[in-house]
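A.B. asks: Residue numbers (our numbering), protein chains in the order written: chain A, 15 to 136; chain B, 104 to 266. Where is the CB? At the ideal position from N, CA and C, for every residue including glycine. From a predicted model like this one, the values you see are computed outputs, not experimental measurements.
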Amino acid sequence: MDPFFLVGSLVCAVSAVLCVGAALVRQPPNDITILSVAAVELFLLAYTVAAGIRQLTGEPVLGEAWEFWGYLLTALLVPVGTFWWSILERTRWSNFVLAAAGLTVFVMLFRMEQIWDGVAGL
Amino acid sequence: MSSRRNGGSPAERVGASGAPGASDAAGAGGTSRARGPGRLLIAVYGVFALAATARAGFQIATKFSEAPLAYLLSAVAAVVYIVATVSLARAGTRAYAVSVVAVTTELVGVVSVGLLSVLDPQAFPSETVWSAFGRGYGFVPLVLPILGLVWLRRNRPEQRRRK
Numbered sequence: 015m016d017p018f019f020l021v022g023s024l025v026c027a028v029s030a031v032l033c034v035g036a037a038l039v040r041q042p043p044n045d046i047t048i049l050s051v052a053a054v055e056l057f058l059l060a061y062t063v064a065a066g067i068r069q070l071t072g073e074p075v076l077g078e079a080w081e082f083w084g085y086l087l088t089a090l091l092v093p094v095g096t097f098w099w100s101i102l103e104r105t106r107w108s109n110f111v112l113a114a115a116g117l118t119v120f121v122m123l124f125r126m127e128q129i130w131d132g133v134a135g136l
Numbered sequence: 104m105s106s107r108r109n110g111g112s113p114a115e116r117v118g119a120s121g122a123p124g125a126s127d128a129a130g131a132g133g134t135s136r137a138r139g140p141g142r143l144l145i146a147v148y149g150v151f152a153l154a155a156t157a158r159a160g161f162q163i164a165t166k167f168s169e170a171p172l173a174y175l176l177s178a179v180a181a182v183v184y185i186v187a188t189v190s191l192a193r194a195g196t197r198a199y200a201v202s203v204v205a206v207t208t209e210l211v212g213v214v215s216v217g218l219l220s221v222l223d224p225q226a227f228p229s230e231t232v233w234s235a236f237g238r239g240y241g242f243v244p245l246v247l248p249i250l251g252l253v254w255l256r257r258n259r260p261e262q263r264r265r266k
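(1) Please report the Cβ distance between T208 of chain B and V183 of chain B, rounded to the nearest whole angstrom; I am assuming they are in contact, meaning their Cβ atoms lie under 8 Å.
(2) Is the stretch 193 to 200 of chain B in contact with the stretch 214 to 233 of chain B, if contact means three or more CB pairs nearer than 8 Å?
(3) Between F18 of chain A and the rest of its own chain, which residues show a CB-CB distance below 7 Å, the 5 nearest in sequence each way excluded?
(4) Count the other CB atoms, across all protein chains shown, that sit within 10 Å of the CB of W233 of chain B; report buried if there are 16 or more and exposed otherwise.
(5) Is G139 of chain B close to chain E? Criterion is C-beta to C-beta, closer than 8 Å.
(6) Following the continuous alpha helix (DSSP H) through P244 of chain B, name the residue where it begins and the one where it ends.
(7) Return the first residue and the last residue of the alpha helix (DSSP H) that Y148 of chain B is part of.
(8) How would you call E55 of chain A, buried or exposed, if buried means at least 16 neighbouring beta carbons within 10 angstroms?
(9) Determine the contact status of S177 of chain B and A159 of chain B, defining contact as a CB-CB distance below 8 Å.
(10) Which same chain residues, not among the five before or five after L90 of chain A, have their C-beta less than 8 Å away from its C-beta?
(11) If the cut-off is 7 Å on Cβ atoms, which residues from the stretch 103 to 134 of chain A count as contacting chain B, listed in chain order?
(12) Closer than 6 Å by C-beta to E81 of chain A: which residues in its own chain qualify, once you throw out the five before and the five after it? Chain order, please.
(13) Hey, quick one: how far does the alpha helix (DSSP H) through R197 of chain B stretch, first residue to last?
(14) Can you give the Cα-Cα distance for T134 of chain B and A114 of chain A, rounded to whole angstroms?
(15) Checking 8 Å against the spacing of the C-beta atoms, do L173 of chain A and D131 of chain A come in under that value?
(16) Quick check on W130 of chain A: does DSSP put it in helix, strand or coil?
(17) If you run the structure through DSSP and keep just helix, strand and coil, what is Q41 of chain A?
(18) Could you say if the stretch 106 to 124 of chain A and the stretch 32 to 45 of chain A meet the contact criterion of at least three C-beta pairs nearer than 8 Å?
(19) I'd like to know if T88 of chain A contacts chain B, where contact means its C-beta is closer than 8 Å to some C-beta of that chain.
(20) To the nearest angstrom, how far is the alpha carbon of P74 of chain A from that of G66 of chain A?
(21) Check the Cβ of A157 of chain B against every Cβ in chain A and list those closer than 8 Å, keeping chain order.
(22) Distance cutoff 8 Å, beta carbons only. Does L255 of chain B sit that close to anything in chain A?
(23) Out of curiosity, what's the CA-to-CA distance linking P260 of chain B and A226 of chain B?
Structure below.
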């Protein structure tokens, strides 16, 4: 899963930087920040499909499988939730909320990698 | 409702059909603490409520007997985060009072559990959100209540009446 982790971290980092940057220059959420969060969601969808395929083709999660999928399903909701909230209030603070999506998903991705590799100690 | 001023019709539709909690907050007539920086605060609190609840649930469900005190504390932390998230998002003086209590409890909790876990690691064999002042969570649990109290202080109900 390492290539996935690298790509995912990169997407999350770029999204968070773009959103924080936009917030710092006092921009309300715009196409760039919203699309960057959409990219995070897109990555998570690809990750979900890949994880499903790997599970089914005999490459099981070494940690608790239900914990892995719990994380993944929750992570899938995070970008959607922040997007929805950002269109309710169009101020620069919503860009900080959008940035929180990238950071949160990155942390969850990190945990999912740990669980997948069976090194998770909760 | 100034926050929706720039929102197009899709935004209105999503807002109208969305989850009850947050749309209450956004629709509370513009005097709510759920605007601007408060919005970010609530988002972070929401993430922590979710993370702490899931973690405490997992710990209690799978290995409660290993460290009952630590896992009970995890559960208490989760409840505090949930109460703080909800009360911060709601308008009104009662929600304000509840959020002051919740955020203060959180600050006391993270400082005392942090101190205890450093001074007497035996008492806390297992990690909680508040162990070592929230080190496992980038010290956000320590910073969050301070920012929360500052935000609440700057948005006292008395001050909001001028609106």
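C.D. replies: In terms of the structure at hand:
(1) 5 Å
(2) no
(3) Y61, A64
(4) buried
(5) No chain E appears in the structure shown, which is made up of the protein chains A and B.
(6) 243 to 257
(7) 140 to 166
(8) buried
(9) yes
(10) E55, L58, L59, T62
(11) E103, R104, T105, W107, S108, F110, V111, A114, T118
(12) I129
(13) 196 to 222
(14) Reliability of the predicted coordinates at T134 of chain B is poor, the pLDDT of 49 falling under 50, and the value obtained from them is presented with this limitation in mind. In a straight line, the C-alpha of T134 of chain B is about 24 Å away from that of A114 of chain A.
(15) Only positions 15 to 136 of chain A appear in the structure, and residue 173 of chain A is not among them; the question remains open.
(16) helix
(17) coil
(18) yes
(19) yes
(20) 10 Å
(21) G84, T88
(22) no
(23) 41 Å
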